[in-house]
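Engineer: Respectively, the protein sequence lines represent chains A and B. Residues 12 to 273 (the numbering used here) are what the first sequence spells out, left to right. Residues 12 to 273 (the numbering used here) are what the second sequence spells out, left to right. Ideal Cβ placement from N, Cα and C applies to all residues, glycine included. Everything numeric in this text was worked out from a predicted model, so none of it was measured.
Protein chains: 2
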Amino acid sequence: MDSNHGPRPLILVSNDDGVNAPGIAALTEAMVRLGDVYVVAPLLEQSAVGHAITLRDPVRAFPVDANMGRATRVYGVQGTPADCVKLAIRELLPREPDLVVSGINRGANTALNVIYSGTVSAATEAAILGIDAAAVSLCDWDAHDYEASQEIAFTVAEKVLEQGLPPGILLNVNIPPLPLSSIKGMLVTRQAHSRWQESFDQRVDPNNRPYYWMTGTFVNLDEGQNTDIAAVQSGHVSVTPMHYDLTAHDFLAPLSEWNWNR
Amino acid sequence: MDSNHGPRPLILVSNDDGVNAPGIAALTEAMVRLGDVYVVAPLLEQSAVGHAITLRDPVRAFPVDANMGRATRVYGVQGTPADCVKLAIRELLPREPDLVVSGINRGANTALNVIYSGTVSAATEAAILGIDAAAVSLCDWDAHDYEASQEIAFTVAEKVLEQGLPPGILLNVNIPPLPLSSIKGMLVTRQAHSRWQESFDQRVDPNNRPYYWMTGTFVNLDEGQNTDIAAVQSGHVSVTPMHYDLTAHDFLAPLSEWNWNR
Chain A
12 MDSNHGPRPL ILVSNDDGVN APGIAALTEA MVRLGDVYVV APLLEQSAVG
62 HAITLRDPVR AFPVDANMGR ATRVYGVQGT PADCVKLAIR ELLPREPDLV
112 VSGINRGANT ALNVIYSGTV SAATEAAILG IDAAAVSLCD WDAHDYEASQ
162 EIAFTVAEKV LEQGLPPGIL LNVNIPPLPL SSIKGMLVTR QAHSRWQESF
212 DQRVDPNNRP YYWMTGTFVN LDEGQNTDIA AVQSGHVSVT PMHYDLTAHD
262 FLAPLSEWNW NR
Chain B
12 MDSNHGPRPL ILVSNDDGVN APGIAALTEA MVRLGDVYVV APLLEQSAVG
62 HAITLRDPVR AFPVDANMGR ATRVYGVQGT PADCVKLAIR ELLPREPDLV
112 VSGINRGANT ALNVIYSGTV SAATEAAILG IDAAAVSLCD WDAHDYEASQ
162 EIAFTVAEKV LEQGLPPGIL LNVNIPPLPL SSIKGMLVTR QAHSRWQESF
212 DQRVDPNNRP YYWMTGTFVN LDEGQNTDIA AVQSGHVSVT PMHYDLTAHD
262 FLAPLSEWNW NR
């Protein structure tokens, strides 16, 4: 950034894989090229926590001496991703950040996975608090090379800082597991319709009591070409605008005809 | 139900306040008037867990000898509300249920609260699995009288069983804390736009280390007359159709103009 353009942006980085995950170090490294970075992330992995917050227990934040990608400060929080963003913005940061970026998640946050995603929930919480935000995921459960994802995260963050997002909107970015030179470009997409075909693996403990492990197979039910899944499968980066209004607006009128007050 | 209409519907009841909460006993009592009821709910309170699921730990289900409102069977689950619904439908119930009802929650699940609500997440999970569902909340944090709410829950469940819901749609029902005779009727509404003004109460533990309690003040930002909050405030039952597509469809076109591939 040219110093004539005023102070450097303040960027909050979080995730759900935990403060020690390689993806958040890679993201931090990319974000310090754009601004001053605070990292506030869960101490422990919080995958699949959805938009949980901690109300019944206190939340603790520990400064971490992480030397992480030249971040200004790094905190590990005993709490969920949404807790991290709330606590960072209300207590830990010197001022309201210009941008919140969550990730780089190991594994896709496309389609139905969004509902369960702690990575997305951190960005959603930022949008709720009125701050521009993006969630960034690398579609590879065994990811170890974050180089392309760093460049994509940089591009997305730079664009959001330039353009700004409307109130209540966040970006959900999913990156195919390819080298940068093989990625075909970026596509604006919608969330695909999908489901998980869960099954429960029932076992018996040494005291002869049953317990279950949840497993599942992901099923894409959406043949549309403009979905997050289709974009990633065709070698593109998927950029989905998301909000947190869950009203099914199309069903308001039909539901009103149910004679509720007959 | 007239026995000429075939077997009684199978209804799954869950919640987030836990299997021992008075609200779920009241709901069960109302639902046995409509069908055979299985109760599968968290052993421990799971408020504000959002749509969390348990992937890293096993889930256990304990039969509870609850004699709860003539339910066929009652299970307490070590897990979240979404876990309960998945496990019930995939493992514990004799067949796919005709309806899932979650509640009766103590406290409103209107506006932004929906995002954090375990009660709503149980119904959302049912919708994801293709089953008609409703979440029912009594807008009173100190609720002890569930009589009116029982009647409302009965009406809602009866209507859903009669009419059926489109795929992916659930109903989120919020009830004002009034006797049935004072409730003015039922209104179909949308989720109000709102926020929480959080603050963190910082304290110091006996070892001189800081910890935080999250507190907050709810702020309604929505003057619309057709919102969930406005309905409840005017003495009506709010019925909001919800879905789990988080795509901000209105922002797809503007976002496409950001020159992503310049």
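Can you tell me the Cα-Cα spacing of S148 of chain A and E40 of chain B, whole angstroms?
Structural biologist: Answer to the nearest angstrom: the Cα atoms are 45 Å apart.
Engineer: Take R201 of chain A and list the residues in its own chain whose beta-carbon comes closer than 8 Å to its own, dropping the five residues that flank it on each side.
Structural biologist: Around R201 of chain A: G235, N237, T238, D239, T251.
Engineer: At the 8 Å Cβ level, is I64 of chain A part of the contact set with chain B, yes or no?
Structural biologist: Interface residue, yes.
Engineer: What does N272 of chain A reach in chain B if we use C-beta pairs closer than 7 Å?
Structural biologist: Those are G196, M197, listed as they occur along chain B.
Engineer: Here's the rule I'm using: 16 or more other beta-carbon atoms within 10 Å means buried, otherwise exposed. How should W152 of chain A be labelled?
Structural biologist: Exposed, since its Cβ has fewer than 16 Cβ neighbours within 10 Å.
Engineer: Which value, in whole angstroms, describes the spacing of the CA atoms of I115 of chain A and H62 of chain B?
Structural biologist: Going from the Cα of I115 of chain A to the Cα of H62 of chain B covers about 21 Å.
Engineer: For chain A, check one thing: does any of its Cβ atoms lie closer than 8 Å to the Cβ of T130 of chain B?
Structural biologist: Chain A contact via Cβ: absent.
Engineer: Beta carbons nearer than 8 Å to chain A: which residues of the stretch 41-74 of chain B have them?
Structural biologist: Of all residues in the stretch 41-74 of chain B, E56, S58, A59, V60, G61, H62, A63, I64, T65, L66, R67, P69, V70, R71, A72 have a Cβ within less than 8 Å of some Cβ in chain A.
Engineer: Locate the beta strand (DSSP E) running through T228 of chain A, then write down its first and last residues.
Structural biologist: Unbroken beta strand (DSSP E) run through T228 of chain A: 221-231.
Engineer: Could you check which residue in A:D68, A:G196, A:A36, A:Q161 has the C-alpha nearest to that of Y86 of chain A?
Structural biologist: Ranking A:D68, A:G196, A:A36, A:Q161 by Cα distance to Y86 of chain A puts A:A36 first.
Engineer: Sort out for me which residues DSSP pairs V48 of chain B with in a bridge.
Structural biologist: Partner(s): B:I22.
Engineer: With H, G and I counted as helix, E and B as strand and the rest as coil, what does DSSP make of Y86 of chain B?
Structural biologist: Strand.
Engineer: Please determine, among B:P108, B:G179, B:T91, the residue with the shortest C-alpha to C-alpha distance to V30 of chain B.
Structural biologist: The candidate whose alpha carbon is nearest that of V30 of chain B is B:T91.
Engineer: In terms of residue numbering, what span does the alpha helix (DSSP H) encompassing S160 of chain B cover?
Structural biologist: Start and end: 158-174.
Engineer: At what residues does the beta strand (DSSP E) containing V96 of chain A begin and finish?
Structural biologist: Careful: V96 of chain A lies outside any beta strand (DSSP E), inside the alpha helix (DSSP H) at 92-98.
Engineer: I'd like to know if the stretch 91-100 of chain B and the stretch 132-144 of chain B are in contact, where contact means that at least 3 CB-CB pairs between them fall below 8 Å.
Structural biologist: Judged by Cβ distances under 8 Å, the stretch 91-100 of chain B makes contact with the stretch 132-144 of chain B, as three or more pairs qualify.
Engineer: Taking the beta carbon of T121 of chain B as the centre, do at least 16 other beta carbons fall within 10 Å, making it buried, or is it exposed?
Structural biologist: Buried, by the Cβ-count rule.
Engineer: What's the gap between the Cα of S14 of chain A and the Cα of G46 of chain A?
Structural biologist: Note that S14 of chain A has pLDDT 44, beneath the 50 cutoff, so the model's placement of it is unreliable and no number is given.
Engineer: Please state whether the Cβ-Cβ distance between R101 of chain A and F165 of chain B is less than 8 Å.
Structural biologist: Going by C-beta atoms, R101 of chain A is not nearer than 8 Å to F165 of chain B.
Engineer: Going by C-alpha distance, which of A:V171, A:S160, A:V184, A:R214 is nearest L191 of chain A?
Structural biologist: Closest by alpha carbon: A:S160.
Engineer: Quick one: complete beta strand (DSSP E) runs, 3+ long, within the stretch 102-141 of chain B?
Structural biologist: Runs of the beta strand (DSSP E) inside the stretch 102-141 of chain B: 110-117.
Engineer: How many Å lie between S25 of chain B and G246 of chain B at the Cα?
Structural biologist: Taking the straight line from one Cα to the other gives about 26 Å.
Engineer: Can you check whether the C-beta of E209 of chain A is within less than 8 Å of a C-beta belonging to chain B?
Structural biologist: So yes, E209 of chain A belongs to the interface.
Engineer: Below 6 Å CB to CB, which residues in the same chain sit around A138 of chain B once its five sequence neighbours on both sides are set aside?
Structural biologist: Excluding sequence neighbours, A138 of chain B sits near A144, G179, L181.
Engineer: With 7 Å as the limit, tell me which residues of the stretch 82-110 of chain A have their beta carbon closer than that to any beta carbon of chain B; keep them in chain order.
Structural biologist: Going along the stretch 82-110 of chain A in chain order, one finds K97, L98, R101, E102 with a Cβ nearer than 7 Å to chain B.
Engineer: How would you call T258 of chain B, buried or exposed, if buried means at least 16 neighbouring beta carbons within 10 angstroms?
Structural biologist: Result: buried.
Engineer: How is Q213 of chain A classed by DSSP in three states: helix, strand or coil?
Structural biologist: In this structure, Q213 of chain A counts as strand in the three-state DSSP scheme.
Engineer: If you draw a straight line from the C-alpha of R84 of chain A to the C-alpha of P105 of chain A, how long is it?
Structural biologist: If I take the Cα positions, the gap works out to 11 Å.
Engineer: Alpha carbons only, please: which of A:G34, A:I186, A:V70 is nearest the one belonging to W224 of chain B?
Structural biologist: W224 of chain B has its Cα closest to that of A:V70, out of A:G34, A:I186, A:V70.
Engineer: Helix, strand or coil for I186 of chain A? Go by DSSP, reduced to three states.
Structural biologist: Residue state, collapsed to three classes: strand.
Engineer: Under a three-way DSSP split, which group does P53 of chain A fall into?
Structural biologist: Residue state, collapsed to three classes: strand.
Engineer: Using alpha carbons as the reference points, say which of A:S205, A:T228, A:Q244, A:I64 lies closest to G196 of chain A.
Structural biologist: Nearest C-alpha to G196 of chain A: A:Q244.
Engineer: Please report the distance separating the alpha-carbon of H155 of chain A from that of R206 of chain A.
Structural biologist: Roughly 27 Å separates the two Cα atoms.
Engineer: Taking 7 Å as the limit between beta carbons, can you name the residues of its chain near P265 of chain B, skipping five residues before and five after?
Structural biologist: Result list for P265 of chain B: empty, nothing under 7 Å.
Engineer: On the three-state DSSP scale, how would you describe V243 of chain B?
Structural biologist: Three-state DSSP puts V243 of chain B in a helix.
Engineer: In or out: A72 of chain A buried (at least 16 other Cβ within 10 Å) or exposed?
Structural biologist: Looking at its Cβ environment, which holds 16 or more other Cβ atoms inside 10 Å, A72 of chain A is buried.
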